[in-house]
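*Asks:* Below you'll find the structure I mean.
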Ligand SMILES: Cc1cc2nc3c(=O)[nH]c(=O)nc-3n(C[C@H](O)[C@H](O)[C@H](O)COP(=O)(O)O)c2cc1C
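In my numbering, the protein residues as written are 71 to 445.
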């Protein structure tokens, strides 16, 4: 795969290194790709959804080790990239060398900016570039970006035509079913993508006006699978391992994307449901997740950002409210580990001995500092 951009305009102040080829761990010749995104093999069919504030490098890398088959970044503004990208943009476009394939997701409403942003980030080495056409947040979709693009399929066609000519990596898109119930134009949108060089479509089976309410319409995913030759990733309301199989059966999609069902539950990528994983096993993983966050963001920021993950990891447990409250207010790693131990003791009385990782654990993990200083 050509991983260097030919464009002189790819100079950018964002400097990050990402994997340059298929990691050794996936090179086992017995391991067959489940599907291809043009010339990029994908070795599994359950994928962590891009989620702003959640699918950052620390959590993505954890989920990838648990089996998530593609690594989508949080969505990144094309405008921010073109303006040079601040620290937050840099963080969102960082990837671990073990992640494969890495998908950089961008959003915007302006064709020229999207193309320029894609050119610049291609130089950072993603395997795929994805266009967000699903964000329903008003300040984004209302300006014609995210799901706002769905209102203009011919513009989508123009964007894909320009993007696929501008970069050498495959260009993909993540869509919703349409703007609202009256304009469910998903077949038209997918056709515009396919005719203009897209290599995959991921479908969150709701309209923009539905937001996250109502049921995802898996029939519509099946209709798209039948209508296109592109690989289709199905998404929406997959929470359990049984749901993964059910969506695949129901729609014939190439892979299933899991969002909220994977929050605080990377084990879904191992084919295990929340209740099947004892907290004694969860605690060291939570500690490792936090360690990666501290490596990546620095300890102070990690202590704040980890709170939302803690809330997800502890969801559904009763009798630990006091410990939960203390966990989201911790100010040191020692205190964090002590409280995880206390939760384990409360949930598994008499058997709670939790081995929490020390600094030497997880040799494969490369801290951000090692990744960003190379360029
Ligand atoms: C907190 C949060 C942030 C999200 N951020 C993004 C994003 O950056 N890009 C994107 O394409 N979708 C984003 N989504 C949508 C998810 O990728 C997914 O389509 C949606 O949650 C439906 O899947 P689920 O039912 O498995 O959660 C986000 C969803 C949530 C809940």
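Note that beta-carbon positions come from the ideal geometry of N, C-alpha and C, so glycine has one too.
In this text the structure is predicted, and so the values were computed from the model without any measurement.
#1: At 3 residues or longer, what runs of the beta strand (DSSP E) sit wholly inside the region 270 to 358?
#2: Since residue 216 contacts residue 210 with CB under 8 angstroms, what's their CB separation in whole angstroms?
#3: Report yes or no: do the region 346 to 357 and the region 407 to 423 share at least 3 C-beta pairs separated by less than 8 angstroms?
#4: For residue 130, is the classification buried or exposed, using 16 other Cβ atoms within 10 angstroms of its Cβ as the cut-off for buried?
#5: What's the gap between the Cα of residue 406 and the Cα of residue 396?
#6: Helix, strand or coil: how does DSSP classify residue 143 here?
#7: Under 8 angstroms, with one C-beta from each stretch per pair, do the region 230 to 237 and the region 248 to 255 reach the 3-pair mark?
#8: Please confirm whether residue 135 and residue 162 have their CB atoms less than 8 angstroms apart.
#9: Would you list, in sequence order, the uninterrupted beta strand (DSSP E) runs of no fewer than 3 residues that lie entirely inside the region 100 to 184?
#10: What number of angstroms, rounded off, separates the C-alpha of residue 152 from the C-alpha of residue 239?
#11: So, does the CB of residue 169 fall closer than 8 angstroms to a CB anywhere in chain C?
#12: When every heavy atom of ligand 1 is checked, does at least one fall within less than 7 angstroms of the C-beta of residue 331?
#13: Using only the alpha-carbon positions, how far apart do residue 415 and residue 334 sit?
#14: Measure the Cβ-Cβ separation of residue 127 and residue 150 and say whether it is below 8 angstroms.
#15: Check for me: the beta strand (DSSP E) holding residue 213 runs from which residue to which?
#16: What does a CB cutoff of less than 7 angstroms around residue 228 pick up in its chain, not counting 5 residues either side in sequence?
#17: Excluding the 5 residues flanking residue 247 on each side, which residues of the same chain have their C-beta closer than 7 angstroms to its C-beta?
#18: What does the alpha-carbon distance come out to for the pair residue 337 and residue 112?
*Replies:* Judging by the given coordinates:
#1: 271 to 274, 302 to 305 and 325 to 328
#2: Position 146 of the chain shown holds residue 216. Position 140 of the chain shown holds residue 210. About 4 angstroms separates the two Cβ atoms, so the contact holds.
#3: yes
#4: As a working mapping, residue 130 is identified with position 60 in the chain shown. Its Cβ being crowded by 16 or more others within 10 Å, residue 130 is buried.
#5: Against the chain shown, residue 406 aligns to sequence position 336. Against the chain shown, residue 396 aligns to sequence position 326. Distance between the alpha carbons of residue 406 and residue 396: 9 angstroms.
#6: Position 73 of the chain shown, counting from 1, holds the residue named residue 143. Reduced to three states, the DSSP call for residue 143 is coil.
#7: no
#8: Here residue 135 corresponds to residue number 65 of the chain shown, with the count starting at 1. Here residue 162 corresponds to residue number 92 of the chain shown, with the count starting at 1. Not in contact: residue 135 and residue 162 (Cβ atoms no closer than 8 angstroms).
#9: 105 to 107, 110 to 112, 116 to 118 and 172 to 177
#10: Taking the first residue of the chain shown as 1, we reach residue 152 at position 82. Taking the first residue of the chain shown as 1, we reach residue 239 at position 169. Their Cα atoms are separated by approximately 19 angstroms.
#11: Checking the listed chains, one finds no chain C in this structure; it contains a single protein chain.
#12: Start at 1 with the first residue of the chain shown, and residue 331 comes out as number 261. Yes, Cβ of residue 331 sits closer than 7 angstroms to a heavy atom of ligand 1.
#13: Counting from 1 along the chain shown, the entry for residue 415 is found at position 345. Counting from 1 along the chain shown, the entry for residue 334 is found at position 264. If you take the alpha carbons of residue 415 and residue 334, they lie about 20 angstroms apart.
#14: Translated into positions along the chain shown, residue 127 becomes position 57. Translated into positions along the chain shown, residue 150 becomes position 80. It is not a contact, given that the beta carbons lie outside the stated cut-off.
#15: Translated into positions along the chain shown, residue 213 becomes position 143. Run containing residue 213: none; DSSP gives neither H nor E here.
#16: Sequence index remark: in the chain shown, residue 228 carries index 158 (1-based). 181.
#17: Translated into the one-based positions of the chain shown, residue 247 becomes position 177. So the list reads 254, 256, 275, 276, 277, 287 and 290, once near-sequence residues are dropped.
#18: In the chain shown, counting from the first residue as 1, residue 337 sits at position 267. In the chain shown, counting from the first residue as 1, residue 112 sits at position 42. One C-alpha to the other measures close to 19 angstroms.
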